[in-house]
Amino acid sequence: MAQRPSEAAPLRAPLFCWTYSCLLCLLCWKPQECEGAAGHNQVNLLDSRTVMGDLGWIAYPKNGWEEISEVDENYTPIHTYQVCNVMEQNQNNWLQTNWISNEGARRIFIELKFTLRDCNSLPGGLGTCKETFNVYHFESNDEDGRNIRENQYIKIDTIAADESFTELDLGDRVMKLNTEVRDVGPLSKKGFYLAFQDVGACIALVSVRVYYKKCPSTFHNLAFFEDTITGADSSSLVEVQGTCVNNSIKDDTPKMYCSADGEWLVPIGKCMCKEGYEEQGNKCQVCQPGFFKASPYSLSCSKCPPYSYTYDKGSVFCHCMENYFRRDNDPPSMACTRPPSAPQNVISNINNTSVILDWSPPADGGGRKDVTYLVICKRCSVDLIQCEECGTGVRYIPQEAGLKNTTVMVVDLLAHTNYTFEIEAVNGVSELSSIPRQFVSVNVTTNQAAPSPITVVKKKMVTKNSISLTWQKPNRPNGIILEYEIKYFEKAQETSYTIIKSKETEITVDGLKPTTVYIFQIRARTAAGYGGYSRKFEFETSPVSLPASAQSQVPIIAVSVAVGMILLAVVSGLLLSGRRCGYSKAKQDPDEDKMHFHNGHIKLPGIRTYIDPHTYEDPSQAVHEFAKEIDASCITIERVIGAGEFGEVCSGRLKLPGKREFPVAIKTLKVGYTEKQRRDFLGEASIMGQFDHPNIIHLEGVVTKSKPVMIVTEYMENGSLDTFLKKNDGQFTVIQLVGMLRGIASGMRYLSDMGYVHRDLAARNILVNSNLVSKVSDFGLSRVLEDDPEAAYTTRGGKIPIRWTAPEAIAYRKFTSASDVWSYGIVMWEVMSYGERPYWEMTNQDVIKAVEEGYRLPTPMDCPAALYQLMLDCWQKDRNSRPKFEEIVSILDKMIRNPCSLKTLVNASTRVSNLLVEHNTGGFSVYQSVGEWLESLKMGRYTENFNESGYTSLDIVTKLTLEDLKRIGVGLAGHQKKIMNSIQELRVQFMNGMMSV
């Protein structure tokens, strides 16, 4: 190190020494200040400390910046640029670096390490001395732009020292380096020059490091992310897509964002080890023998399930052992299975020509739960050696194959015949096995049976006093027919009938009245007894013969009739020549789309307004206006499913041209109907035909041009809502029940919007299909409203469903959509109580009185408070205070979207009953407590059970069901029956007591 000059020496020499020679000796006095390699997320573009030769920077003017090159103790070059022209004014000294490639970075950082002398410490306190210097840059695509004018540079910043040194610092060797970092961006060219401007400072530029930041390559979620240069500014994020490592595949595309600080942020998506590989240490390792992985979504390899194996690495499934199988839709994690063993303990119960078979499940189900049963019927000789399959003449109830229960009934067998029934258990892999099937068999011999009913009876000849009939033998006589019994009576006098017998299949019945309809039923008898009667056949006797005075007119009438028949035949031929199976529809004048007149009603296009079919003089006109005619040959009736007001209700199938066959329900009009019955029957079709909504029963069409007259609607597999709920008590979630109620409300909103009042809304009149969609049906009591939606329609008499009807409709026989809302509240109660009868066993008069006095049905068991409140809103006495159906739909929609709103139940133990708990003056509440009531039944032993289960008041006890009783510990059937009978009496007393208050 140079010796410190004396005070008398020229100023420049000491400055040089103090600033540089002495400084260089001190630079590495604290080695940590000379170190500082680039961080893991920094890439150096220039570091003056690492250049072995001259830096080659250009300084001008020549008496400005000066390069001092020395080596440290390791002979590493130290490049320092210094300038200290503080004695001279107007300094403008520039130092320019070589061209620096930015390597694609758009934002670079400049780190400067320097020392700077305090101007106040200089001898004489030079007034021209500065303590700052400037840094500039100039962008260029190549090195040809090195001759740069000063005004072309862009200033980066003015650099000042945090700490400056003095002469004293040099003597004490405590001088420190200043470090300043500046960033530049966004850059747009391939490289740049840096320049340092001194304007009169005493400064030593010890090192210059230029770098950019990057996010270093990394692995995350089995994805590799490459080195990524940061963005152009301090707030930018660079999106980078990762590449899945070997043996992995992407789930969601793996992404991360490279921040301006060179850190990875916001990982999105991931890669997964593919089938046969599992993740271990951010790598995908192959599954070992005996293990498998079938899906990338599985976390790890799994051991082969029972009865399966694999000897290979990377297996995606395990092979089943011999005689074990797996279906295509079985998950690979499922154990291999085998066919079941044969059923056990088969029992047969013979009833004439029917057999009920009952058996126990197989001892070995093969490891599967999808066991079903197949029944094969064989008819055998007396010695049971020769057998042949029974064929299609035998029926199985419920079915022959795919049985889930262990009972089947086989009917329509032959009498006195030997049969063998083979019962086989099958499961999902039975068809995959080549092992002979295992079954259990039972031999039976049927008994003598009565003949089957006669199905065909025809009219042979008719006079004014007699009818000749002929019929076919029963399809299954089950023995020798000994005789036939014929029962007949006048249609209007069914209770007074006559029976005659015949050994032939024809008979003439005399002594009948002219022009009278008679009902005939016939049955056959064998040694086993009489079979069932045939269905009712109607035949009418001829009118009385014409008097002599009118006989002269017979030829003229005959000719007229003949001509008329010929014309009718011609017209019919023309019509039938163009007729096809399907709907028949008259051509419509285009002008009819503009305005229609219907018995005084005007219907404009685009406006759905209900039109009362009762305003038509001819019901046929109304029904053909609103319903489509179906050709009867398109309909196949399969079975009777019920009886309606006007005839039978059947299920069947409808096949229209160009469409698939689909199931339908068919209402038939019974033979011998009156004109009023026909009018009312077709009136319901005329009503339904005007509606088109997913929650209203859909009318397919009508049959009016042939007999029987039919109404064809969509088929609802689950039948009426009340019966369906009773069969499935407690099987649905609250959301499912609310969904049913929402469908009913939606259908009623549609009817209300059309200005239509149902009048008989009840669960029995709601039908449910296989998808639990509820649809409003049965429009027999319905009537139309006038234009005013608040107007009421006064009924023309008839029965009113009291339990479902609003009080104003009962009192004044007037109905509105608001009265339908009341009925809807009752339907809500029916649904939430799974089809329980409203008001239980109360009489209609008691119901009317209770409602008028303000009492309402109590909340069903486990009913959400929000639903019960909606019921109470529907039962407001003032009809104007009840919600509209549109509001009800909206409320139910909110409940469905927010199931948490249905978790709060009505607290039956704390609420004050709206029935007669507080009104014991009416004769009820003779028991002061639940314990006293149980003691009266000699069931006091269960008092503690009731109290512990929360049944602490008679109000709550009235809501107990048999299942609740079992749950609280009443296990004996006799005790259950006794308590339930008493609960039923409590309910009735509850209501009757309320009547007397």
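Everything in the sequence shown is counted per UniProt numbering, starting at 1 for the first residue and increasing by one.
All C-beta atoms, glycine included, are put in the ideal place defined by N, C-alpha and C.
These figures come from a predicted structure and were not determined experimentally.
- Residue burial annotation: threonine 158 is exposed, with fewer than 16 other C-beta atoms found within 10 angstroms of its C-beta.
- For threonine 337, the closest C-alpha among the options Glu431, Val346 and Gly743 is that of Glu431.
- Short of 7 angstroms from the beta carbon of glutamate 275, and not among the five residues preceding or following it, lie these beta carbons of its own chain, in chain order: Lys293, Ala294, Ser295, Pro296 and Val316.
- The beta carbon of serine 468 lies closer than 6 angstroms to those of Lys460, Met461 and Thr508 in the same chain, with the five residues before and after it left out.
- In this structure the stretch 705-716 does not lie against the stretch 749-762, because fewer than three pairs of beta carbons, one per stretch, are closer than 8 angstroms.
- Within the stretch 179-231, complete beta strand (DSSP E) segments of at least 3 residues are found at 191-198, 203-215, 218-220 and 223-225, given in chain order.
- Spanning the alpha carbons of cysteine 650 and alanine 643 requires a straight line of approximately 8 angstroms.
- Here the stretch 417-428 lies against the stretch 364-382, with 3 or more beta-carbon pairs under 8 angstroms apart.
- Distances from the CA of asparagine 349 to each of Cys287, Leu45, Val442 and Cys301 were compared; the closest alpha carbon is that of Val442.
- Per DSSP, tryptophan 264 is one residue of the beta strand (DSSP E) stretching across 264-268.
- CA-to-CA, the gap between aspartate 631 and proline 514 works out to about 34 angstroms.
- The distance from the Cβ of serine 770 to that of leucine 721 is about 14 angstroms, inconsistent with a contact at the 8 angstroms cut-off.
- For glutamate 830, the closest C-alpha among the options Asp846, Asp873, Met740 and Ile500 is that of Met740.
- According to DSSP, residue pairing for isoleucine 611 in a beta bridge does not occur.
- Around isoleucine 148, the same chain offers Phe138 as residues with beta carbons nearer than 6 angstroms, after the five sequence neighbours per side are excluded.
- Between threonine 230 and lysine 213 the beta-carbon gap is near 5 angstroms, inside 8 angstroms, which marks them as a contact.
- In the three-state scheme derived from DSSP, where H, G and I count as helix and E and B as strand, tyrosine 75 is classed as coil.
- Going by beta carbons, phenylalanine 196 and asparagine 282 fall outside the 7 angstroms limit.
- For proline 807, there is no enclosing beta strand (DSSP E); the enclosing alpha helix (DSSP H) has its first and last residue at 807-812.
- In this structure the stretch 186-206 does not lie against the stretch 242-256, because fewer than three pairs of beta carbons, one per stretch, are closer than 8 angstroms.
- Per the C-alpha coordinates, the member of Phe732, Thr310, His614 and Ser633 positioned closest to glutamate 625 is His614.
- Excluding its 5 nearest sequence neighbours in each direction, phenylalanine 439 has C-beta neighbours in its own chain below 7 angstroms: Ala342, Glu422, Ile423 and Glu424, listed in chain order.
- The shortest CA-to-CA distance from isoleucine 108 to any of Ile100, Phe114 and Arg660 is the one to Ile100.
- Glutamine 91 sits buried, since 16 or more C-beta atoms from the chains shown fall within 10 Å of its C-beta.
- Ranked by Cα distance from valine 444, the first of His319, Ser381, Val429 and Glu886 is Ser381.
- The way I'd put it, the stretch 799-809 does touch the stretch 831-848; three or more beta-carbon pairs between them come closer than 8 angstroms.
- If you draw a straight line from the Cα of lysine 473 to the Cα of valine 456, it comes to about 8 angstroms.
- For leucine 892, the enclosing alpha helix (DSSP H) begins and ends at 885-897.
- Taking the Cα positions, glutamate 887 is about 11 angstroms away from aspartate 873.
- If you check the CB distance, phenylalanine 815 and arginine 759 come in under 7 angstroms.
- The three-state secondary structure of glutamine 845, taken from DSSP, is helix.
- Runs of the beta strand (DSSP E) lying entirely within the stretch 244-323, each at least 3 residues long, are 248-250, 255-258, 264-268, 271-273, 277-280 and 283-286 in chain order.
- The beta carbons of valine 702 and alanine 627 sit closer together than 7 angstroms.
- Exposed is the label assigned to alanine 363, since fewer than 16 other Cβ atoms lie within 10 Å of its Cβ.
- Rounded to the nearest angstrom, the gap between the Cα atoms of aspartate 227 and serine 901 is 52 angstroms.
- By the C-beta criterion, the stretch 406-415 is judged to be in contact with the stretch 351-360, since at least 3 inter-stretch pairs fall below 8 angstroms.
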